[in-house]
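One structure below.
6 protein chains.
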Amino acid sequence: MNQIITFGEVLMRISPRGNKKFIQSNNVEFYFGGTEVNVGISIANFGGNVKHISCISDDFIGNTAISYLNKFDLDTTAIVRSSRPLGVYFLEVGAVIRPSSISYNRSHSSFSEIKPEMVDWEKSLENGKWFHWTGITPALNKGSQQTLLEGLKLARKKGLQVSADPTYRSGLWKYGENPREILSEMIEYSTIFIGGINEINELLETEYTYSNEDFIAASKQLMETYPSIEKVFDKIRTSINSSWHKIRARMWNGVEFRETEDIDITHVVDRIGTGDAFAAGLIHGLQKFDDFKAIQFASAACAIKHTYLGDVNYANEEEVVSILEGNTTGRLKR
Amino acid sequence: MNQIITFGEVLMRISPRGNKKFIQSNNVEFYFGGTEVNVGISIANFGGNVKHISCISDDFIGNTAISYLNKFDLDTTAIVRSSRPLGVYFLEVGAVIRPSSISYNRSHSSFSEIKPEMVDWEKSLENGKWFHWTGITPALNKGSQQTLLEGLKLARKKGLQVSADPTYRSGLWKYGENPREILSEMIEYSTIFIGGINEINELLETEYTYSNEDFIAASKQLMETYPSIEKVFDKIRTSINSSWHKIRARMWNGVEFRETEDIDITHVVDRIGTGDAFAAGLIHGLQKFDDFKAIQFASAACAIKHTYLGDVNYANEEEVVSILEGNTTGRLKR
Amino acid sequence: MNQIITFGEVLMRISPRGNKKFIQSNNVEFYFGGTEVNVGISIANFGGNVKHISCISDDFIGNTAISYLNKFDLDTTAIVRSSRPLGVYFLEVGAVIRPSSISYNRSHSSFSEIKPEMVDWEKSLENGKWFHWTGITPALNKGSQQTLLEGLKLARKKGLQVSADPTYRSGLWKYGENPREILSEMIEYSTIFIGGINEINELLETEYTYSNEDFIAASKQLMETYPSIEKVFDKIRTSINSSWHKIRARMWNGVEFRETEDIDITHVVDRIGTGDAFAAGLIHGLQKFDDFKAIQFASAACAIKHTYLGDVNYANEEEVVSILEGNTTGRLKR
Amino acid sequence: MNQIITFGEVLMRISPRGNKKFIQSNNVEFYFGGTEVNVGISIANFGGNVKHISCISDDFIGNTAISYLNKFDLDTTAIVRSSRPLGVYFLEVGAVIRPSSISYNRSHSSFSEIKPEMVDWEKSLENGKWFHWTGITPALNKGSQQTLLEGLKLARKKGLQVSADPTYRSGLWKYGENPREILSEMIEYSTIFIGGINEINELLETEYTYSNEDFIAASKQLMETYPSIEKVFDKIRTSINSSWHKIRARMWNGVEFRETEDIDITHVVDRIGTGDAFAAGLIHGLQKFDDFKAIQFASAACAIKHTYLGDVNYANEEEVVSILEGNTTGRLKR
Amino acid sequence: MNQIITFGEVLMRISPRGNKKFIQSNNVEFYFGGTEVNVGISIANFGGNVKHISCISDDFIGNTAISYLNKFDLDTTAIVRSSRPLGVYFLEVGAVIRPSSISYNRSHSSFSEIKPEMVDWEKSLENGKWFHWTGITPALNKGSQQTLLEGLKLARKKGLQVSADPTYRSGLWKYGENPREILSEMIEYSTIFIGGINEINELLETEYTYSNEDFIAASKQLMETYPSIEKVFDKIRTSINSSWHKIRARMWNGVEFRETEDIDITHVVDRIGTGDAFAAGLIHGLQKFDDFKAIQFASAACAIKHTYLGDVNYANEEEVVSILEGNTTGRLKR
Amino acid sequence: MNQIITFGEVLMRISPRGNKKFIQSNNVEFYFGGTEVNVGISIANFGGNVKHISCISDDFIGNTAISYLNKFDLDTTAIVRSSRPLGVYFLEVGAVIRPSSISYNRSHSSFSEIKPEMVDWEKSLENGKWFHWTGITPALNKGSQQTLLEGLKLARKKGLQVSADPTYRSGLWKYGENPREILSEMIEYSTIFIGGINEINELLETEYTYSNEDFIAASKQLMETYPSIEKVFDKIRTSINSSWHKIRARMWNGVEFRETEDIDITHVVDRIGTGDAFAAGLIHGLQKFDDFKAIQFASAACAIKHTYLGDVNYANEEEVVSILEGNTTGRLKR
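Chains as they are written, first to last, in this note's numbering: chain A, 1 to 334; chain B, 1 to 334; chain C, 1 to 334; chain D, 1 to 334; chain E, 1 to 334; chain F, 1 to 334.
Structure representation (structure tokens):
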């Protein structure tokens, strides 16, 4: 009963090296990622027992994706295979004032055709302790939304913690449903809310500002609207430019508001997946620490992710704790 | 009135270096290709004036694809753009007894949504001398088949030479039409048939063998069935294994049968696109040489393509003529 | 009548990856560049119709250079070929307090033997709207200087705008002429002056300082001396070190002085060609915007160039405008 | 009760690309290998359930090695960790008449300090069906020899099949024991003998030749000397040079002698681990096929391994069966 | 009599590119280094005549290491060869808040078995002017400690300057001796002390702070305890994080205390070997300049080393002097 | 008195990886070479004491070239530096029927401006035993021809063996002299002739065929014409195609004719410099072996060079002797 379950699309990310554009070089690198599996891999790297559920192409690309998950010792036994290709995204990494650009090829991917009957939720959750979902999955299409909803319902019924990262990405949601209604129903089955003012305003149709006062007020209103939500966690990113960010976190757990100090990331290596690293740090931290230390751990996890190329956070628990404890000068470890 | 027109999908090819599999390395290279554009680029490299018509994604990947065509000085002004992603194929290059493997992600690509109204054939063909098509385009879906058919009809009406490479690939043709009927109608608008016994048997529902006698008989029957066809050209590949091939060609032009000698390709670098190099060599050769020299040129072009990585043939006319004239020992050019 | 004409040497740039020296690695990358063609490519990327005129080696290196220009859709039909090799420069990219180093192999290059009779200026300028030249071309040798001068004279006669970037590089000018006299005559045929205090002091034998007051006074004196000059534009670079620059611009258009804010480039990827990006931004901006917005556009173009590897600016108009409008935090574009 | 158990050292292999020497390039690639783990990974790729037992360094290199095994879905739960570094070997890949060269750094590796008390053989073998060992492990030092011997004894006691690949490598065996005595005792606990005339002559102090007659006679004498041995399998390599090999196999199973045809490997990609691929093919084949088909499968597996870079065989069962069935012309799989 | 002699282990450093971890990429690069040879190579790059003495593996890796030293024109004639492998270290380069990590494989390396009788000190020092040693060599094992001690004694006897960099690394010193006693004896044969408060406190069992006052007091006490010591030099590193350091230096030469300004290294490329670059700069500087200019030179050398990948400082004397003279804005050198 | 002296241009070779063309990839590799320095490096790798004399650019490229020679422990002290750039050649490596192509940028290189007064021949030859020259150096220009001639005269006067490789390359010889006259005078100072029928026919204006009979007759006539010539050595290459060669050698030493067997090079890695490897093998062989064993050694050296990328032969004496002794099956060396 100690398994963390993540459910979502696995994407192949293809990118030129460094800050090059595709027009500059035909040498590219690929990684695998996807918001939920990023969370799963990161938790596995912290020592967690993680099962990832997805639908992956039945070809050598899909085999490579699964071997990538195995590499991090994820439980991949619940993954189903499909004759559709794996979703792909192309990334051009920006620098300084130049933003990174992404082009997706995912709307008819293997995951896009997942249907509720393809996942045996009862079996998949049998050792489950925690279930994590994000707003990407319901945004993809009806099938993925319904499959997730079934999982959510069962997870709550079985008493798992359910963490929600209801990121709203307007470029998705092409299949004709109202994002607010869909997400709203899903949050009713969730206990931990990972998101900030934007997500709350989107759900509640409110206009809270980014101030701490408003964050507390918004969290309270959210928890009134969705009584299952026990705690609200928010990561705050300050972007000087593409290459220089600062990260801090704040929380409202129904009792107290706490906020961490900014961690200064003066030379960003890769910002993709840093939000997922925060969510993973939080899920892991809430199981081991008190709430404030959990957001310290989560923001340290988020910060260190900026130093790894690729979508996933390679840091282990000890490395994140070291940052949390203030070892941020990067002294060489021999 | 000297433009060669090619019409078809442009695909991004992604492949690990050398003989590696995707599971072995996250360093990969990409090239662009697609059977018709391969023909177009090769003819441009021979000095031809080539226009390629296609539908390409309106993102940085599509921009890169178009810049790739521009690089070879193709006329890209008739290309239309789409919000769908560019088609992709993943290639693992085999060696010796291990075959190469391909996985396609093309069934919902930008080209797959092309519709007749998206191409201004009148304008596109206004300087046309030759139109080339292959059996891939009608296999993709109804829209691409109908768009091609309109082009074919107008090309014939305007008196262009029309070369057909009616390759039948059973893995495609998912949209519910009978390949034989579709291809048959298209061949009625064609004048040059580039294909062998397999393609003829498929069209005529015959069972000719690979012998030269049968090739002549089959060609005659083909030309009786499709009176527009003036000449039939066939490339013969002998594969010792993935890394060692031999290439020769034969022809029936209604008057005489001719056959070339085998060219021995003892160390294959890349066999993708070698059939397209043959077609390009033929189209270029028929404009400059007599029929027999044209198949010598085409088989030399096909042979030298096996030494270039990627889908396209980089050889210029002089380099192919040199092989045709027997300079096959690879003496260093200082 | 909408073509921008650039004239100058195309060089092959060869450089180790990252900050390595040649002694550290035999893996190197090459790009093509040259101050005038950099301007041309950048304007083409903004959507301009650009013709580049040059003399390029008639070998596979020259073919590659021309295909590189074609890739950006430049009109390369006026380029002449030569049996001399293409000019090359070797670059070791510095970092922080270590300057980059360049070693040139250009003094007997294909461009170095260009002669007035090799360029058909009448034909080359027939659709011309704007002609751009720099101080590099007259510095190379007598032939290139005279060829340029003929072009300049005809351009003025035909009423094209003529922009001058009279960079004075003392390492060149080996063929025995007085730089001041040569440049002075050329500026008489120019309308837009892109250069700062150093260039003006060099031309006028004055000693203006870098202050805004002196810039205005110097510009006025310049415009009195060369009445064809209508406007003066100056880019100001503040270098904290090799890896951290700031860029702003100022102008005197005969009526008003304006100055932009510094753009902070905290992590320089490649500073080669950033001055050319400024010139390109200015030439494009002056055709679309008022003078002040033109220098804002030019300095944004210059700034974003620092984030691209290689000599040329890959940014399109929309991307530069976005920076000009203040979007400098590098928010990811999905 | 279906697990295949392999036990042995995991080595990091470091090699320049292609046929380069270390003096030529500081760009190198690493893979993991080791004769027994190569067998394990290959069987896992055929679909087998494989547990590998080893002692691996407790650092980021060891973590990477274990993640490499996880990637192929091996059971790594019985691996112990050590503060000693992982063994390394450096490889320069030859070509044609130039042999490959290997330099080892393994004599004080993490595996070299394994001791019997570090492995819980009872638990490790609890689901075991087959145990595979080679002559490398007892050659390393006393501790690894004794640890293996304990495993062998228990494996026989529990009735597992035990396959022996008693390769004798004279460069090892530095710890003062007599190889013949040590290997002899171990073969007493083995049931399947994978080795040829050299290994038999070494064990029996005989002088059999390579003829089939002698192979049969030698096998009979071996089986008389070691009554536990049920079958003898021999792989025969014909080396034209470093880049061109031929592979066939023969067997004596106590009842019949059979021999396969040569498979011609005209362009060797990597010969390291091809013997291990043979052993893996045999172990897998003997569980699914009759003895003759098993050596056909094993020699096809060995042959296809020559086309993969690195120590391990990436082919799955279907791919090997296809070669066994005569599909050796490398026809492209789309 | 102008040779600088360095003595110590040469290690092969293996590292993924950029900030990657070994688990992320099997493409790695190697360099050679080792604290004393880094000093030697750097001095050779300043124009010094340097002999490095070591014990190196007698295989292709050792040949590559020696060719690496030859490349910088070091005198390698006193190097002895061994059948033991060369020491290796694996490096994962951190970024920002993530520290770099090192894993060593050196405890049974070729250098580890060096014995006094293997080095002909009389011959090795015959042209010697300066001898440099560090605290790494005596920490490795008894043999290397004794070999060094013999060299030190002879060097002093022959009147060479002897510089000591008595870095104390607790992860070494496994062979059972008391570091303080060993190092203390060695310092008795030294004339120049390169080290700071930590090293002095370790030797004298004192508790001086980092203040300048304490540095002077500590230096005085050190020079009283070890009368052979003439001068004390200290490099001070301020680490904002892994990617951003500042470097300055201070000195006590028995007469005056001097301190340099911080040099700001805003984008660290590689901090390995920067201490060695300081030592090399000092040794070279003390031969050419007064003491204060020597620490300015040394800290400039240390600073510029942060911009080179690998263990060694590639800067020549002119480049370091330029920084010393304040040219730190990285202006391009054409 | 044991030094081998080589004199000639050092060129930088720049080439894409594998069989790519420059148009296909901007990732290229560089090596250094040049026919005489290739000979020198190869002899140094056999253990010879070699001094190379040249004129090299005084920039970071020249520094890299010299460090490359140092790497192989050549004596580089007689090299002079120049402000002209180093000569460069670009190489596209062919395959099978596609020839490799070379484009030179050497006609105004640093070596091209060498003058007799720049080389101190007396000092350069003071420890000389053997002097080697080729037909490339006198072909470059008057200065290099005269410099070489002075060296040749002194070498003969001092009694050194002088080996001539009078390769005639018609693409050079642009400075207005008659190749035959120039080469003829130089051969008068030579003792060993390394060349075949083509070179002899060129010199003697004869029309000998490639038969052994004609080779003997031609050699006799050559030795009559040039009495200083003691022995004639000829390498015979049979090219099946770019990727498959065979090498043998023959000799006439005034007494006997001998011929070696063909060595079959089924997979050519790099054929550049193979003739130089033959010359080096011969020069080294003649010092250690009898004449026939010397040509066996030379042809084995030539053959193994085909397996190394780059211009130089990395094989040591032991490796070449092993091939000479018939070990051509490439058995792995552990």
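Virtual Cβ for every residue (Gly too), placed ideally from N, Cα, C.
Computed from a prediction, not measured in an experiment: that's the story for all the values here.
Assigned exposure category for residue i - 16 Cβ within 10 Å defines buried
i: VAL255/F; result: exposed
i: GLY33/D; result: buried
i: PRO227/D; result: exposed
i: GLY48/D; result: buried
i: MET251/B; result: buried
i: MET12/E; result: buried
Residue i, enclosing beta strand (DSSP E) - first and last residue
i: HIS284/B; result: Taken as a continuous stretch (DSSP letters only), HIS284/B belongs to no beta strand (DSSP E), being part of the alpha helix (DSSP H) at 274-288.
i: LYS246/F; result: 244-252
i: GLU92/F; result: 87-92
Beta-carbon proximity list for residue i, same chain, < 8 angstroms, skipping 5 on both sides
i: MET186/D; result: TRP133, PRO138, LEU148, LEU149, LEU152, ALA164, PRO166
i: LYS158/D; result: LEU125, GLY128
i: ASP75/A; result: GLN3, ASN49, VAL50, LYS51, HIS52
i: GLU261/F; result: ARG248
Residues near residue i by beta carbon distance below 7 angstroms, same chain, minus five either side
i: ASP336/D; result: Because chain D spans 1 through 334 in this model, residue 336/D falls outside it and cannot be assessed.
Residue i, enclosing alpha helix (DSSP H) - first and last residue
i: LYS142/A; result: 142-157
i: PHE30/A; result: No alpha helix (DSSP H) holds PHE30/A; the beta strand (DSSP E) holding it covers 27-33.
Simplified DSSP state of residue i, which is helix, strand or coil
i: PRO16/B; result: strand
i: GLU325/E; result: coil
i: TYR62/D; result: A small correction: the amino acid at residue 62/D is Gly; Tyr does not occupy that position in the sequence shown. GLY62/D: helix per DSSP, three-state reduction.
i: GLU259/F; result: strand
i: ASN53/D; result: A small fix is needed here, since residue 53/D is Ile in this sequence, not Asn. Reduced to three states, the DSSP call for ILE53/D is strand.
Cut-off 6 angstroms between Cβ atoms - residues of its own chain near residue i, not counting five sequence neighbours on either side
i: ALA279/E; result: VAL39, ASP165, ILE194
i: GLY196/F; result: ASP234
i: ASP214/F; result: TYR208
Cβ contact (3+ pairs, closer than 8 angstroms) linking the stretch 103-113 of chain A and the stretch 81-88 of chain A: Taking 8 angstroms as the limit for Cβ pairs, the verdict is that the stretch 81-88 of chain A does touch the stretch 103-113 of chain A.
Contacting positions in the stretch 239-255 of chain B - beta carbon closer than 7 angstroms to chain H: The displayed structure is made up of protein chains A, B, C, D, E and F, and chain H is not among them.
Segment contact, 8 angstroms Cβ cut-off, at least three pairs: the stretch 294-311 of chain A with the stretch 270-279 of chain A: yes
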